[in-house]
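Participant:
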Amino acid sequence: MEQQRPLLSRTASLSDSCPEKKGCLSSMLFTWMNPLMDLGNRRPLEMDDLFQLNPDLRADAASARFSACWDMELQKASPSLASALFRAFGAKFVAAGVLRFVRDALQFIGPFVLQRVIAFLLTPDAALSDGLVYVALIFVGGIFQSFCFRNYMYFVFETGLLFRSAIVTAVYR
737 MEQQRPLLSR TASLSDSCPE KKGCLSSMLF TWMNPLMDLG NRRPLEMDDL
787 FQLNPDLRAD AASARFSACW DMELQKASPS LASALFRAFG AKFVAAGVLR
837 FVRDALQFIG PFVLQRVIAF LLTPDAALSD GLVYVALIFV GGIFQSFCFR
887 NYMYFVFETG LLFRSAIVTA VYR
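Residue numbering for the sequence shown is 737 to 909, as defined by our numbering.
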């Protein structure tokens with residue numbers, strides 16, 4: 737009986753990883769997931785239906801990046817695990833932080849726009865276009881908040897996966 741490496745599809749090649757093969761907009765809006773969700777709606781998913789993991793997210797790649805940073809950290813007088821992790825995977829972590837900041841800032845803007853809507857409703861001779869602009873700002877702000885938060889969570893889970901993979905492989909090395 738032929739042995740199979742766990743969680744690797746028999747039919748898909750290692751280069752068949754999504755969302756890396758899709759465009760920037762598809763990655764940000766997660767539309768690359770639509771065919772998989774459609775298939776899952778029609779029948780139960782099997783292992784062969786799933787996309788291959790991005791090669792940069794695999795444990796061996798995460799371990800190699802972390803090991804190089806950890807070796808540089810060991811040259812210092814007081815090495816820091818947090819510093820090595822940040823050097824290896826910090827860019828995604830910072831990107832997630834920026835998305836979280838934007839989302840939180842948009843949460844503060846919403847009540848100010850709502851105050852303008854209330855002022856608009858209390859002013860009998862206000863232009864209708866002003867009210868429509870305020871309502872559109874609330875709508876677009878909500879969509880943009882959702883977009884930022886979804887991508888923030890995606891980056892956070894991806895970074896957590898990298899942290900965990902790097903630390904576990906370092907412990908067993």
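No residue lacks a Cβ here, since even glycine has one placed at the ideal position from N, Cα and C.
#1: Might you give, ordered along the chain, the residues of its own chain that have their beta carbon closer than 8 angstroms to the beta carbon of L835, omitting 5 neighbours on each side?
#2: Among V904, V871 and T895, which residue has its Cα nearest to the Cα of F822?
#3: May I ask which residues mark the beginning and end of the alpha helix (DSSP H) holding N777?
#4: So, at 7 angstroms on beta carbons, what are the nonlocal neighbours of R839 in its own chain, with the 5 sequence-adjacent residues on each side left out?
#5: Contact check, S819 vs E809 under 8 angstroms by CB: the rounded distance?
#6: Indicate the three-state DSSP secondary structure (helix, strand or coil) for E782 in the structure shown.
#7: Between the C-alpha atoms of F802 and K812, what's the straight-line distance to the nearest angstrom?
#8: Is the beta carbon of A827 sitting closer than 7 angstroms to the one on S901?
#9: Note down, in chain order, each residue of its chain lying with its Cβ closer than 7 angstroms to the Cβ of Y870, except the 5 sequence neighbours on either side.
Facilitator: So, from the listed chains and residues:
#1: If you number the sequence shown from 1, residue 835 lands on position 99. Contacts found: C884, F885, N887, Y888 and F891.
#2: Looking up residue 822 in the sequence shown gives position 86. Per the C-alpha coordinates, the member of V904, V871 and T895 positioned closest to F822 is T895.
#3: Looking up residue 777 in the sequence shown gives position 41. Segment N770 to R778, the alpha helix (DSSP H) holding N777.
#4: On the sequence shown, position 103 is the one that residue 839 refers to. Within the same chain, and ignoring the five residues on either side of R839 in sequence, the residues whose Cβ sits closer than 7 angstroms to its Cβ are Q881, C884, F885 and Y888.
#5: Residue 819 sits at position 83 when you count from the first residue of the sequence shown. Residue 809 sits at position 73 when you count from the first residue of the sequence shown. Between E809 and S819 the Cβ distance is about 6 angstroms, and since that is below 8 angstroms, they are a contact.
#6: For the purposes of this step, residue 782 is identified with residue 46 of the sequence shown, where counting begins at 1. DSSP places E782 in coil when its eight states are reduced to three.
#7: Here residue 802 refers to the residue found at position 66 when the sequence shown is read from its first residue. Here residue 812 refers to the residue found at position 76 when the sequence shown is read from its first residue. Using only the alpha carbons, I get a separation of about 16 angstroms.
#8: One-based indexing of the sequence shown puts residue 827 at position 91. One-based indexing of the sequence shown puts residue 901 at position 165. Their beta carbons are not under 7 angstroms apart, which means A827 does not touch S901 by this criterion.
#9: For the purposes of this step, residue 870 is taken as residue 134 along the sequence shown, with counting starting at 1. Closer than 7 angstroms at Cβ, skipping near neighbours: V849, R852, V853 and F856.
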